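Student: Chains as they are written, first to last, in the working numbering: chain L, 1 to 162; chain W, 1 to 162.
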DNA sequence: TATTGTTATACTCTATAACTATA
DNA sequence: TATAGTTATAGAGTATAACAATA
């Protein structure tokens, strides 16, 4: 968990004491992998900053959104949809279940599998967190107008082949 | 370290046994935070896949690039430039030093600080890794033509306020 | 007093391997 | 045999706190 001081650290306008301010050279500053990593880092940190009062991570939130529109997913399906290992999904679902936000039930159609659904408490939690998550996203995307957001969406969608 | 099986897992066209194929709903598939996270995830995994023969992570590689064009950075400057905690930079530089790729020397102008520079071995390693890293980036960006890459660069730069 | 860096430590995330149970 | 999920375990990464050296 990244605490306040780090957010401050990250967002302060750094001005080291000594004269020569180090700069990220253009070759790196215009490097797409660098830009992508930094954008993701910023998104993660702003999400954490805005949701500090709720016991949730960005990925937990994403999983709840998946379950909201797709109730009764198998854990193996969650793994596919999120690009994660089965054991990582077990870990993730364990955490949400401990908070009482999701439930596991054996799938009657295939008793090897467990279907995961949100509980009433989970839905309540999701609703209470949604505004903070939206505020985080607003802050991340603030520099872009609607047209630019659409362009970014289109480019990333193409990049992912989705 | 993500091993081959996971790359395969991630990139195989998943077709679960049971009839109803779960889908990421449009509301999430078009969600910019989701797209950004997935693009970053893809970038990370392709970098790992292409550089498996070299003992290096994407962040190590980024730091070597920083040092290449900006030799003699302080660790605190590295922390600022990469958005990391000081202790994390100590950990990172420790790793590169153990591999003999960077050296720390006290800064004569401010003996509190250590300047970090690449060694000859570090430069050799960087050159041997560069083609694999370039191949990874090529694969990540393959779906985009030059114009689209420029657009993505411009949008992410704006997003970051750089 | 403030800053640079280190160490000790702990927690989160992620994966491997071995297992159980189902199909 | 193959798949779904769990458990035990280990490693990487990241942070906090306390500290030493220097400014």
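By construction, the Cβ of each residue, glycine as well, lies at the ideal position given by its N, Cα and C atoms.
None of these values were measured; they are calculated from a predicted model.
Are any of the Cβ atoms in chain W nearer than 8 Å to that of residue 25/L?
Tutor: Walking along the first chain from the start, residue 25/L turns up at place 25. Closer than 8 Å to the CB of residue 25/L there is at least one CB belonging to chain W.
Student: Which residue marks the beginning of the beta strand (DSSP E) containing residue 147/L, and which one marks its end?
Tutor: Residue numbering aside, residue 147/L sits at position 147 when the first chain is read from its first letter. First-last for residue 147/L: 146 to 160, but that is the alpha helix (DSSP H), not the beta strand (DSSP E).
Student: Please name the residue or residues paired with residue 116/L in a DSSP beta bridge.
Tutor: In the first chain, counting from the first residue as 1, residue 116/L sits at position 116. Residue 116/L is bridged to 73/L, 104/L.
Student: So what does DSSP say about residue 111/L, is it helix, strand or coil?
Tutor: Along the first chain, read from residue 1 onward, the residue named residue 111/L stands at position 111. DSSP places residue 111/L in strand when its eight states are reduced to three.
Student: Taking only beta-carbon positions, decide if residue 95/W is within less than 8 Å of chain L.
Tutor: Here residue 95/W refers to the residue found at position 95 of the second chain. Chain L contact via Cβ: absent.
Student: Check whether the Cβ of residue 90/W lies closer than 8 Å to any Cβ atom in chain L.
Tutor: In the second chain, the residue the question calls residue 90/W occupies position 90. It does not; no Cβ of chain L falls within 8 Å.
Student: If we ignore side chains and look at the alpha-carbon of each, how far apart do residue 47/L and residue 135/L end up?
Tutor: For this step, residue 47/L is matched to residue 47 along the first chain. For this step, residue 135/L is matched to residue 135 along the first chain. So the alpha carbons of these two residues sit roughly 8 Å apart.
Student: Closer than 7 Å between beta carbons: that is the criterion. Which residues of the stretch 23 to 49 of chain W meet it against chain L?
Tutor: 24, 25, 27, 28, 29, 30, 32, 33, 34, 35, 36, 37, 38, 39, 40, 41, 42, 43
Student: The alpha helix (DSSP H) that contains residue 87/L, what's its start and end?
Tutor: Position 87 of the first chain, counted from the first residue, corresponds to residue 87/L. Where residue 87/L is concerned, the enclosing alpha helix (DSSP H) stretches over 86 to 98.
Student: Nearest-angstrom Cα distance between residue 29/L and residue 35/L?
Tutor: Along the first chain, one-based indexing puts residue 29/L at 29. Along the first chain, one-based indexing puts residue 35/L at 35. Between residue 29/L and residue 35/L, the C-alpha separation is close to 7 Å.
Student: If you draw a straight line from the C-alpha of residue 78/L to the C-alpha of residue 56/L, how long is it?
Tutor: Counted from its first residue, the first chain places residue 78/L at position 78. Counted from its first residue, the first chain places residue 56/L at position 56. Using only the alpha carbons, I get a separation of about 18 Å.
Student: Could you have a look at residue 57/W and say whether DSSP puts it in helix, strand or coil?
Tutor: Sequence index remark: in the second chain, residue 57/W carries index 57 (1-based). Residue state, collapsed to three classes: coil.
Student: Counting only beta-carbon separations shorter than 8 Å, does residue 114/L have a partner in chain W?
Tutor: Your numbering for residue 114/L matches position 114 in the first chain. So no, residue 114/L is outside the interface.
Student: For residue 11/W, is the classification buried or exposed, using 16 other Cβ atoms within 10 angstroms of its Cβ as the cut-off for buried?
Tutor: For the purposes of this step, residue 11/W is identified with residue 11 of the second chain, where counting begins at 1. The predicted position of residue 11/W is uncertain, since its pLDDT is 31 and thus under 50; a value taken from the coordinates is nonetheless stated next. By the neighbour-count rule (16 or more Cβ atoms within 10 Å), residue 11/W is not buried but exposed.
Student: Just to make sure I have the definition right: I need the residues of chain W whose C-beta is within less than 9 Å of the C-beta of residue 66/L. Which are they?
Tutor: Here the question's residue 66/L lines up with position 66 in the first chain. Those are 22, 24, 25, 28, listed as they occur along chain W.
Student: State the DSSP-derived secondary structure class of residue 143/L, mapped to helix, strand or coil.
Tutor: What you label residue 143/L is simply residue 143 of the first chain in a count that begins at 1. Note: residue 143/L maps to coil in three-state DSSP.
Student: For residue 58/L, is the classification buried or exposed, using 16 other Cβ atoms within 10 angstroms of its Cβ as the cut-off for buried?
Tutor: What you label residue 58/L is simply residue 58 of the first chain in a count that begins at 1. Answer is buried; the Cβ neighbour count reaches 16.
Student: Decide if residue 124/L is buried, meaning its Cβ has at least 16 other Cβ atoms within 10 Å, or exposed.
Tutor: Stepping through the first chain from its first residue, residue 124/L is reached at position 124. Per the 10 Å Cβ criterion, exposed.
Student: Compare the Cα-Cα distances from residue 100/W to each of 68/W, 119/W, 148/W, 115/W and report the closest residue.
Tutor: Here the question's residue 100/W lines up with position 100 in the second chain. Nearest option by C-alpha distance: 119/W.
Student: Using a Cβ-Cβ distance cut-off of 8 Å, determine whether residue 18/W contacts chain L.
Tutor: Taking the first residue of the second chain as 1, we reach residue 18/W at position 18. Bear in mind that a pLDDT of 39 at residue 18/W, under 50, signals an unreliable position, so the number given afterwards is only what the model happens to contain. Chain L contact via Cβ: present.
Student: If you draw a straight line from the C-alpha of residue 14/W to the C-alpha of residue 52/W, how long is it?
Tutor: Locating residue 14/W in the second chain gives position 14, where the first residue counts as 1. Locating residue 52/W in the second chain gives position 52, where the first residue counts as 1. The predicted position of residue 14/W is uncertain, since its pLDDT is 34 and thus under 50; a value taken from the coordinates is nonetheless stated next. Going from the Cα of residue 14/W to the Cα of residue 52/W covers about 24 Å.
Student: If we define contact as Cβ-Cβ less than 8 Å, is residue 151/W a contact residue for chain L?
Tutor: Counting from 1 along the second chain, the entry for residue 151/W is found at position 151. Contact with chain L is found for residue 151/W, since one of that chain's Cβ atoms lies less than 8 Å from the residue's Cβ.
Student: Excluding the 5 residues flanking residue 156/L on each side, which residues of the same chain have their C-beta closer than 7 Å to its C-beta?
Tutor: In the first chain, residue 156/L corresponds to position 156, counting from 1. Contacts found: none.
Student: Could you confirm whether any beta carbon from chain L is found closer than 8 Å to the beta carbon of residue 126/W?
Tutor: One-based indexing of the second chain puts residue 126/W at position 126. Residue 126/W does not count as touching chain L.
Student: Enumerate in chain order the residues of its own chain whose CB-to-CB distance from residue 67/W is below 8 Å, with the five nearest sequence positions on each side excluded.
Tutor: Position 67 of the second chain, counted from the first residue, corresponds to residue 67/W. Result list for residue 67/W: 73, 102, 116, 117, 118, 122, in chain order.
Student: Starting from the beta carbon of residue 158/W, find every residue of chain L whose beta carbon is closer than 8 Å, and list them in chain order.
Tutor: In the second chain, the residue the question calls residue 158/W occupies position 158. 143, 144, 148, listed in chain order.
Student: Is any beta-carbon of chain W found at less than 8 Å from that of residue 137/L?
Tutor: Start at 1 with the first residue of the first chain, and residue 137/L comes out as number 137. Taking Cβ atoms only, chain W reaches closer than 8 Å to residue 137/L, which makes this a yes.
Student: Suppose contacts are defined by Cβ-Cβ distances below 8 Å. Is residue 39/W in contact with residue 63/L by that definition?
Tutor: As a first step, residue 39/W must be located in the second chain, where it is residue number 39. As a first step, residue 63/L must be located in the first chain, where it is residue number 63. Contact: no.
Student: Using alpha carbons as the reference points, say which of 140/W, 75/W, 144/W lies closest to residue 106/W.
Tutor: Against the second chain, residue 106/W aligns to sequence position 106. The shortest Cα separation from residue 106/W among 140/W, 75/W, 144/W belongs to 75/W.
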